[in-house]
Every structure is written in structure tokens, then in C-alpha cells.
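Asks:
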Amino acid sequence: MEPKRELASVDIGAIVGELGAYEGAFLDKAYLYPDDLLRLRLRHHDRGRVELLVEVGERKRLHVADPDRVPDAPERPPNFAKMIRNRMQGATFAGAEQHGFDRIVRLEFERDDANTTIVAELFGDGNVAVLDENASVVDSLRTVRLHSRTVAPGAQYEYPEARVDPLALSREAFGEHMDASDTDVVRTMATQLDLGGEYAEELCARAGVEKELPITEADESTYDDLFEALTWLAVAMDSADLDPRVYYEAADEADATDPPGSGAAEDQQSRPERGRPIDVTPVPLADHEALPTEPHDTFNGAVDAYFYELERAESDSGGEAAGEPDRPDFEEQIETQQRIIAQQEEAIAGFEQEAQALRSAAESIYAHYDVVDDLLATVREAREAEHGWDEVEQRLEEGAEQGIEAAEIVTEVDPQAGRIQVELAVEDGEATAWLDPAEGVEHNADRLYTEAKAIEEKKAGAEEAIADTRERLADIEAQREEWEARQAEADEEAPDDADDAADEDGEAGRSDQEWLDMLSVPVRSKDHWYDRFRWVRTSQGFLVVGGRDADQNEELVEKYLETGDRFLHAQAHGGPVTILKAADPSESGKGVEIPEAAEREAARFAVTYSSVWKEGKFAGDVYAVDPDQVSKTPESGEYLEKGGFAIRGDRTYYDDVEVGCAVGIQCEPETQVIGGPPEAIADRAVTTIGVEPGKFAQGDVGKRIYREFRERFADTSFVRKVASPDLIQHFLPPGTSRIVEE
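Residue numbers for the sequence shown follow my numbering, beginning at 7 and rising by one.
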């Protein structure tokens, strides 16, 4: 039996029922981990620290966790986590709600300035969306653009089509749903009633019904037994009469899969007849009665223990007896992405047809201007004379029978919306359109054109979304190739030290094109003190660092501005403190002469990452001073804002410095993303992409650059590891941009 990796709808209902105990807690911090795990750290006046985990990757879960079991905070929070912190820090947790019987949970937070909803989608690819008070998407982990729904920043959040809630069905409705199926009992309950395989099998076991019994052979007595079992589950969930359990493999099963030295044998000494965890449920399952089990006081506690122990067991086991990790089910992941692509292609085709139909309708209105105008005027006059819609519809039907053209084009009347539908002849057939009689021909046509434009924008968004999905598909295929390559390498004898040294010497002499053509680029990375700031090295090798906010501006001046350095700042409010380092912090910069060319590059760095770029300007002024001219003491009667400094003495000015930024990938001596003035990174990066002030959001530009890098490198998995969209955004200027066409 494979371990459970995704919570079922029943599980989610039990989890949500217990989250009410944490209402009133304040959001402290938000963290996002690479495996799509969102961690919300809260503080409760009675319970103290509360850790709420939401995972929407390979595993899909949502629960409160033991603080001792949560992973350490990542060093650099991604933009999504920073957005949650900025928007929601200090917000009060107001409650959780399951959307119908779907695997969707709404987490409500309230703050004086704005209320926020976090929607966790624990199905399919998984997603987390942050919504404002009007249910508009502020941001989401993944962009979804399907014909049936859209989840994208700025769009109104749309739930998937609601599924049936089996726990709310009457006996009659239950029978109707079962009769509508053409498969067996267990599949019908698992899919048609959305119970999932686990609980469908459990209800069959409790009812004493053969799970593979064809629906055509099931009678009313069968349905009575199944409905009684379903009622048991509904009552347990509704009354919160839970008895949470974690189920484990029997020891003999674990022995068959655990390799020597994995630690599993030691665990079994303290917990006999018990292997790795394989299931967690809010109520005991008759179908699992032969398995070792451990009860828990709460279902949140059971789910936390289950996933914690599962991860530890899989980590300790080291995989199969050969010592290799279990092979991920790449084929299933690939099939999922291909299915999503097919849905997105269908959505794009639908958008295209819908937009074309709206445009055709608008054009047909103008083509039949006089007839449409006559119709609108007639209906408008009737309504102004206080004739009801039923009477209007009757008169139109009579007019059509009499051969009046304006009445003949009417196909439907919608009294509730106060509109009429017309069908007009066009060159390639007929066009249908809804018209508002309160408006004239031009306004109705303009509205249709506007709707067509909105649909075309949805189509453009869907095309971007399908590009993202194709990237994920390519990533999974690349991961499969990597895994298989590692397996092949493991079967070969490792090269000796001399061979390794020769390989390293060969890499050091590679040309840019050779790096791009390499099928497997080795990843070599280091941590640097300046990584969390903005930074670049000039073409002469001098380090330039800049603050990302007022706190970093203060820190740079207090800790890292030293004798021999140069302090630069754009002549614009909102620019970063920029320090051109004469030497590393551990060395003395006294007596080091910084060339003017390096200072000019630092000046370009300062203006590029200032508000000059954000305002869409292409040049600005910059000044430079020595460290002893920078002070936190304001002039008498003046006030310094946080992150601001008083500058005394003469300044060196650089006028009309052009903004300029490029992002590139460096392959030696380290593999990393670098960015800054194009001339500064040109010789260090094997390939670069330039940007300039434009209209595209930082996240969109980061994704486009990432895609372009993937096109340039033969080893696309290398790009994914060292130059993800988030890492690329780290080097993009504030505000909107566009890629410079070469």
C-alpha cells in the first residue's frame, strides 16, 4: 500500500473543523520553501506560537504543526512570501472554511487597513492564491487560465465548478447519483460522489457491499446499506465525533523494503509490528483494522505526525536496497502536465472563438444599423410607456409573424437582465448578440468590441500560462533525464582524482558557446555576505553593493562603509545607498585607488536601481562622496528619515547617467545569476539579456528572461537550478521593464 500524499475532501473537512480553535491568532511571519510549502507563523494569546503549514506540491496538506517539526526559515524569502508579510503581518486569523466538499480551503485574515483571504487549492497541480477584500487575486503561486476559470494577479478569483457534497445528500438524491453511473459501486462513490478511493472502499466495507459490484446489479437494499454507512461518516464529521488515527505498515512489509542500516530496524524494536506510516484518517477505518495504528487527540496533530514521520522514514530509508532513492513517478507528472496543456489549448481555442463571435456580432450590428436601431427604439419606447417585458415579448412575436424585419431578428428576451437577443446575417453565416434597449446602436456595438478585447486579453494570458506549463513539463522531462543519467553513472566506476582535476582544468578554459552547448553544467555555488543586498562587480573587479530598503541602507552605512570606499546616491528620492568597495570588509581599503571607470559603473548602478527607473525615465544625476562625508546627524532644525543621511562637503557629480541593466548567467568560477550595468557583467556572464524601463511587471519579465535562458542553454535543468525567475527578479530594477530586443 502506497502512503497517502494528498488529503482527501473528508480529511480537509476535519482539519477545517479544528482550526476554529486558533481564531484570534496574529500572523507573525510567512515563509515559502522550494517544494511549494507555505508556512504561516502565528501567535495566539492562549496557545502561544502556532505554525500553520500549507503544502501544494507533490504532497498536498494543510494543518497546524508542532513548532519543533517545522523546517528552518529559508535564507532569502521569495517575493510571494514577502508580499504576504507586507500585506498581512499583524493580521488576525478570523477563521477557515472548506469550499463545499472541494479540496479548497479559505483562510480569512483581518487587519485594520485591509482584510485578506488565502485560498489553498489542494487538488491537481495545487495552488495558493492571496485575495483582497473584493476577491481579486493579489498574487498566486501559479497562474491558471482555463476556459472555465482564471486565477491570475488582478483577476477576480474563480472557483472550479462545484462538485456534489455526498455528506449532504438525501437518500433519494444519493440513489439518483448512483443510478446515473455506468461503472461499479466503489468507482461511482469515489468519483461521482467525490469521496475518493479510500473512503469509498471504507463505506463499501462497512456496508458489506462488494466494491466491484456493477451499478446495474445494485438494488435499493444495496443503496440502503451504503447510505447508512455514508450517514455514519456524515454524522461523525458534522458532530466532530472524531477518533484520529495514523496507520502504519505491518513490520513484515517494512522488513521487505527497508535496507540494512536504514534505522527502520531500530524503530521496530521500540515500536514492534510497525513500519512506516501509510495513512492518516479522522475516524478509524474498518478497512484498516489489521494495520498497526496510533490514536491522536486531534486530527491536526495526527496529520502533522503522519507527514513528519513519513518524511523521516523516507529520508532514513535511503530508498531501495541498492541505496538509491525511489524513482519519482515522472510519467504520472508528465501526463498531468500534458493534460493541463490540452485543457489550456482548449481554453485558448474557446477564447479565440468567443472573441471572434463578439467582433462579428458588433460588425453585424453596424451592417444592419437601421433595422437594429428601429428595434432598440421600439423596445425602449414600449418600456418607457411602462409596458411589461411579457407584453414586449408578445408584441415582438406578433411583429415577426407579420414579417416586420426588426421583430424577425429577435430570438430571445431576458426580462431579468432587461435585454434582447438578436440573430443577424453575416458573410459566413449568422451572428448572435445580446442588446441593451436602453442604449443606442453605437453603445451596444462598442460594448461588444470591449468584451471581445477582454476575451483576447484572457487568451493572451492563457498563452502565457500554457508557456509556463510547457516549461514545467520540460523541467520534469529534464529531471527524468537527470535521474536516469545519475543511475547510469552510479553503475560505472567513479573517475580518479587525476581525471577530476583534468575535468576542472578543461572547464576553466571553455568558451561561452561551449558552456551553452554543455549537456550537463556542474553547479558550483558559494554564500557571500552581500548576496541579500543589490550587488554587482565592476568590469575592473570592484564590488558595488546597494540597499533594497531603508533598513538595508542603514545597515550598509553602519557596517560596511569603510575608509577608501565611495558612497554614491542618485539625485532622486527613493534611491538605494550605493557603496563602491575599495576592498572586502576583512581587508583594508586605505590607499586603494579606485579608477574613474569603476566609479562611473557604480553611478550607473545607483541610478538604475533608483526611482528614476520606476518613473520610466532613462537617465538621472548621481553624486559620489567619501565615507567621512556621510553622517546620521542632521543639520540643526532638520530631520532625517529612516535610511536617510546627511552629506557634508563637496560632491562629485555625474550628470545624465543613463540607466542600464542586464541579467546574465555566470558559469565560472561560480555558477550564479548576476545583474547590473551591462558593461559590468558582460565579461563575466556566458550570456546576458538586457532590460530597459517598460510596461511589464517584474515577475513577468523575470519569467520571460528565464524562458530565454532555457532556450540558450542545452542543459535546461542547470538554468532551473541557478536562474529561477525569483533569482532573476533579484537583479531587476524596481518597477516595470521590458526586454531589450537585440
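Glycine included, C-beta positions come from ideal geometry on N, C-alpha and C.
How many angstroms separate the CA atom of Leu13 from the CA atom of Lys623?
Replies: In the sequence shown, counting from the first residue as 1, residue 13 sits at position 7. In the sequence shown, counting from the first residue as 1, residue 623 sits at position 617. Approximately 50 Å between the Cα atoms of the pair.
Asks: Spell out a yes or no on whether the stretch 27 to 36 and the stretch 49 to 66 are touching, meaning 3 or more CB-CB pairs, one atom from each, closer than 8 Å.
Replies: Contact between the stretch 27 to 36 and the stretch 49 to 66 is present, because at least three Cβ pairs lie under 8 Å.
Asks: Where DSSP assigns a beta bridge to Ser743, which residues make up the other side?
Replies: Sequence index remark: in the sequence shown, residue 743 carries index 737 (1-based). DSSP, once it has assigned bridges, lists Pro699 as partnering Ser743.
Asks: Look up Pro283 in the DSSP assignment and give the residues it is bridged to.
Replies: Here the question's residue 283 lines up with position 277 in the sequence shown. Partner(s): Tyr254.
Asks: Could you name the residues of the same chain whose beta carbon sits closer than 7 Å to that of Glu116, not counting the 5 residues immediately before and after it, in chain order?
Replies: For the purposes of this step, residue 116 is taken as residue 110 along the sequence shown, with counting starting at 1. So the qualifying residues of the chain are Ala97, Thr98, Ala100.
Asks: Under three-state DSSP, which class holds Trp395?
Replies: Your numbering for residue 395 matches position 389 in the sequence shown. Helix, per DSSP.
Asks: Can you grab the Cα-Cα spacing for the pair Ile711 / Asp452, in whole Å?
Replies: Looking up residue 711 in the sequence shown gives position 705. Looking up residue 452 in the sequence shown gives position 446. Computed Cα separation, rounded: 37 Å.
Asks: Note down, in chain order, each residue of its chain lying with its Cβ closer than 7 Å to the Cβ of Glu641, except the 5 sequence neighbours on either side.
Replies: Taking the sequence shown and counting its residues from 1, one reaches residue 641 at position 635. Within the same chain, Glu641 has close Cβ partners Ala652.
Asks: Within the same chain, show all residues whose beta-carbon is closer than 8 Å to that of Phe539, passing over the 5 residues directly before and after it, in chain order.
Replies: The residue you call residue 539 lines up with position 533 of the sequence shown. Answer for Phe539: Val551, Gly552, Gly553, Arg554, Gln558, Leu562, listed in chain order.
Asks: May I ask whether a heavy atom of the ligand COA can be found less than 7 Å away from the beta carbon of Arg516?
Replies: You won't find the ligand COA in this model; it holds no ligand whatsoever.
Asks: Can you tell me which of the three DSSP states Asn121 falls into?
Replies: For the purposes of this step, residue 121 is identified with residue 115 of the sequence shown, where counting begins at 1. Coil at Asn121, not helix or strand.
Asks: From Ala468 to Asp231, what distance separates their C-alpha atoms?
Replies: Residue 468 sits at position 462 when you count from the first residue of the sequence shown. Residue 231 sits at position 225 when you count from the first residue of the sequence shown. If I take the Cα positions, the gap works out to 46 Å.
Asks: Can you give the Cα-Cα distance for Gly325 and Arg282, rounded to whole angstroms?
Replies: On the sequence shown, residue 325 is found 319 positions in, with the first residue counted as 1. On the sequence shown, residue 282 is found 276 positions in, with the first residue counted as 1. Per-residue confidence for Gly325 stands at a pLDDT of 42, beneath the threshold of 50, marking its modelled position as unreliable; the derived number appears in the next sentence. Using only the alpha carbons, I get a separation of about 12 Å.
Asks: When you compare only the Cα positions, how much space is there between Glu463 and Ala437?
Replies: By 1-based counting over the sequence shown, the position of residue 463 is 457. By 1-based counting over the sequence shown, the position of residue 437 is 431. In a straight line, the C-alpha of Glu463 is about 22 Å away from that of Ala437.
Asks: What is the DSSP secondary structure of His51, counted as helix, strand or coil?
Replies: Walking along the sequence shown from the start, residue 51 turns up at place 45. The answer is coil: DSSP assigns His51 none of H, G, I, E or B.
Asks: Could you please give the first and the last residue of the uninterrupted beta strand (DSSP E) stretch that includes Ser517?
Replies: Indexing the sequence shown from 1 puts residue 517 at position 511. From DSSP, Ser517 is part of no beta strand (DSSP E); its letter is neither H nor E.
Asks: Could you tell me whether the stretch 162 to 171 touches the stretch 106 to 113, where touching means 3 or more Cβ pairs closer than 8 Å?
Replies: Yes, they touch.
Asks: Hey, out of Asp335, Trp440, Ala235, whose CA is closest to Arg365's CA?
Replies: The residue you call residue 365 lines up with position 359 of the sequence shown. Closest by alpha carbon: Trp440.
Asks: Taking only the alpha-carbon atoms, compute the straight-line gap between Arg11 and Ala126 and give it to the nearest angstrom.
Replies: What you label residue 11 is simply residue 5 of the sequence shown in a count that begins at 1. What you label residue 126 is simply residue 120 of the sequence shown in a count that begins at 1. One C-alpha to the other measures close to 16 Å.
Asks: Does DSSP put Phe115 in a helix, a strand or coil?
Replies: Position 109 of the sequence shown, counted from the start, is the residue given in the question as residue 115. Correct three-state label for Phe115: strand.
Asks: Could you check what DSSP says for Trp489 in three-state terms: helix, strand or coil?
Replies: Position 483 of the sequence shown, counting from 1, holds the residue named residue 489. Correct three-state label for Trp489: helix.
Asks: Pair every Cβ in the stretch 183 to 193 with every Cβ in the stretch 152 to 163, then say whether three or more of these pairs are closer than 8 Å.
Replies: No contact exists between the stretch 183 to 193 and the stretch 152 to 163.
Asks: What are the uninterrupted segments assigned as beta strand (DSSP E) that are 3 or more residues long and contained completely in the stretch 27 to 96, given in chain order?
Replies: Runs found: 32 to 39, 43 to 50, 54 to 62, 66 to 71.
Asks: Given this structure, state the Cα-to-Cα distance separating Ala625 from Gln349, to the nearest angstrom.
Replies: The sequence position of residue 625 within the sequence shown is 619, counting from 1. The sequence position of residue 349 within the sequence shown is 343, counting from 1. So the two alpha carbons sit approximately 45 Å from each other.
Asks: Going by CA-CA distance only, name the one from Thr742, Glu560, Asp533, Asp571 that's closest to Pro582.
Replies: In the sequence shown, the residue the question calls residue 582 occupies position 576. For the residues Thr742, Glu560, Asp533, Asp571, the minimum Cα distance to Pro582 belongs to Glu560.
Asks: Closer than 8 Å is the cut-off here; do at least three beta carbon pairs connect the stretch 658 to 671 with the stretch 688 to 698?
Replies: In short, these stretches touch, since the Cβ pair count reaches three.
Asks: Indicate whether Val309 and Val289 have their beta-carbon atoms separated by less than 8 Å.
Replies: Taking the first residue of the sequence shown as 1, we reach residue 309 at position 303. Taking the first residue of the sequence shown as 1, we reach residue 289 at position 283. No; because the gap between Cβ atoms is not below 8 Å, this pair is not in contact.
Asks: In chain order, what residues of the same chain have a beta carbon less than 8 Å from the beta carbon of Tyr5, not counting five sequence neighbours either side?
Replies: No answer is possible for residue 5: the residues shown for the chain start at 7 and end at 748.
Asks: Just to confirm my understanding: we take Leu525, look at its own chain, exclude 5 residues before and 5 after, and list those with CB closer than 8 Å. What are they?
Replies: Along the sequence shown, read from residue 1 onward, the residue named residue 525 stands at position 519. Excluding residues within five positions, the ones whose Cβ falls inside 8 Å are Ala720, Asp721.
Asks: Looking at C-beta atoms only, is the number of pairs between the stretch 351 to 363 and the stretch 402 to 418 that lie closer than 8 Å three or more?
Replies: Judged by Cβ distances under 8 Å, the stretch 351 to 363 makes no contact with the stretch 402 to 418, as fewer than three pairs qualify.
Asks: Indicate the three-state DSSP secondary structure (helix, strand or coil) for Arg690 in the structure shown.
Replies: Numbered from 1 along the sequence shown, position 684 holds the residue referred to as residue 690. If DSSP states are grouped into helix, strand and coil, Arg690 belongs with coil.
Asks: My understanding is that Val157 touches Ala135, with C-beta atoms under 8 Å, so please give their C-beta distance in whole angstroms.
Replies: As a position in the sequence shown, residue 157 is number 151, starting the count at 1. As a position in the sequence shown, residue 135 is number 129, starting the count at 1. The pair is a contact, with the Cβ atoms about 5 Å apart (cut-off 8 Å).
Asks: Could you spell out the range, first to last residue, of the beta strand (DSSP E) harbouring Arg425?
Replies: The residue you call residue 425 lines up with position 419 of the sequence shown. Counting along the chain, the beta strand (DSSP E) containing Arg425 begins and ends at 425 to 432.
Asks: I'd like to check one pair, Leu479 with Ile680: are the Cβ atoms closer than 8 Å?
Replies: In the sequence shown, residue 680 corresponds to position 674, counting from 1. In the sequence shown, residue 479 corresponds to position 473, counting from 1. Going by C-beta atoms, Ile680 is not nearer than 8 Å to Leu479.
Asks: Would you say Tyr660 and Ala588 are within 8 Å of each other, going by their C-beta atoms?
Replies: If you number the sequence shown from 1, residue 660 lands on position 654. If you number the sequence shown from 1, residue 588 lands on position 582. No.
Asks: Identify which residue in Asp571, Met7, Asp656, Gly132 has its Cα closest to the Cα of Gly63.
Replies: Position 57 of the sequence shown, counting from 1, holds the residue named residue 63. When only C-alpha atoms are compared, the closest one is Gly132.
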